[in-house]
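Numbering (mature numbering (1 follows the signal peptide of the UniProt record, and there is no 0)), first residue to last: -18 to -1, 1 to 161. Note that CB positions come from ideal geometry on N, CA and C, so glycine has one too. These notes concern the structure reproduced below.
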């Protein structure tokens, strides 16, 4: 009886500590379509106003134009490069912030590979459709998914950042991916 109770308690604790989205996750498939990565809690979306910084910018009711490609990297679990559609450069974690760097697919660059976990994934990649809701974007470290998340905000122009995932729903780590 003691072993059964200890096992049940361990399962509950592990489930409660996991990022909520990962428990019943799906992974979006943009099918080559450009996407917008939006955060409803802050009203911001991923943006690259120059060829270096990735920051949050305001969006108006989802009427923004998609700015990113999210091709799969070929790693397992399914992971992605997040590329600027204007210059083809990839989101890269450097010093805790996201910047743009040239995509390097010849030499594996784990700081350019991300896993996108969503609670809902749409299948219609035509313009204006939701491909993922309540999504968490995490760095991929080459062998496993980390417990870090990519955050945005709290205001326009602040660089996106990599930090420990919080467990609060509706925060600056949850995204909607729209074509």
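For residue i and residue j, I'd like the C-alpha separation in whole angstroms.
{"i": "residue 166", "j": "residue 130", "result": "Past the edges of the chain, shown from -18 to 161, lies residue 166, and the structure says nothing about it."}
{"i": "residue 113", "j": "residue 100", "result": "9 Å"}
{"i": "residue 12", "j": "residue 154", "result": "22 Å"}
{"i": "residue 137", "j": "residue 31", "result": "15 Å"}
{"i": "residue 91", "j": "residue 132", "result": "17 Å"}
{"i": "residue 56", "j": "residue 102", "result": "22 Å"}
{"i": "residue 168", "j": "residue 118", "result": "For residue 168 there is no data in the structure shown, the boundaries of the chain being -18 and 161."}
{"i": "residue 104", "j": "residue 95", "result": "22 Å"}
Put residue i into one of helix, strand or coil per three-state DSSP.
{"i": "residue 153", "result": "coil"}
{"i": "residue 92", "result": "helix"}
{"i": "residue 56", "result": "coil"}
{"i": "residue 83", "result": "strand"}
{"i": "residue 33", "result": "coil"}
{"i": "residue 68", "result": "coil"}
{"i": "residue 38", "result": "strand"}
{"i": "residue 97", "result": "strand"}
{"i": "residue 48", "result": "coil"}
{"i": "residue 74", "result": "strand"}
{"i": "residue 167", "result": "Residue coverage of the chain in this structure runs from -18 to 161, which leaves residue 167 outside it and unanswerable."}
So if DSSP puts residue i in a beta bridge, which residue, or which two residues, is it bridged to?
{"i": "residue 15", "result": "In DSSP, residue 15 forms no bridge with anything."}
{"i": "residue 145", "result": "131"}
{"i": "residue 160", "result": "18 and 112"}
{"i": "residue 102", "result": "115"}
Since I believe residue j is in contact with residue i (beta carbons under 8 Å), could you give me their beta-carbon distance rounded to a whole number of angstroms?
{"i": "residue 161", "j": "residue 17", "result": "6 Å"}
{"i": "residue 157", "j": "residue 20", "result": "6 Å"}
{"i": "residue 81", "j": "residue 52", "result": "In fact, because the Cβ distance is near 17 Å, the residues do not count as touching under 8 Å."}
{"i": "residue 79", "j": "residue 142", "result": "7 Å"}
{"i": "residue 9", "j": "residue 64", "result": "Not really, about 13 Å apart at Cβ, beyond 8 Å."}
Give the single residue among the options whose Cα lies nearest to the Cα of residue i.
{"i": "residue 67", "options": "91, 108 and 15", "result": "15"}
{"i": "residue 62", "options": "39, 40 and 87", "result": "87"}
{"i": "residue 22", "options": "123, 122, 115 and 121", "result": "115"}
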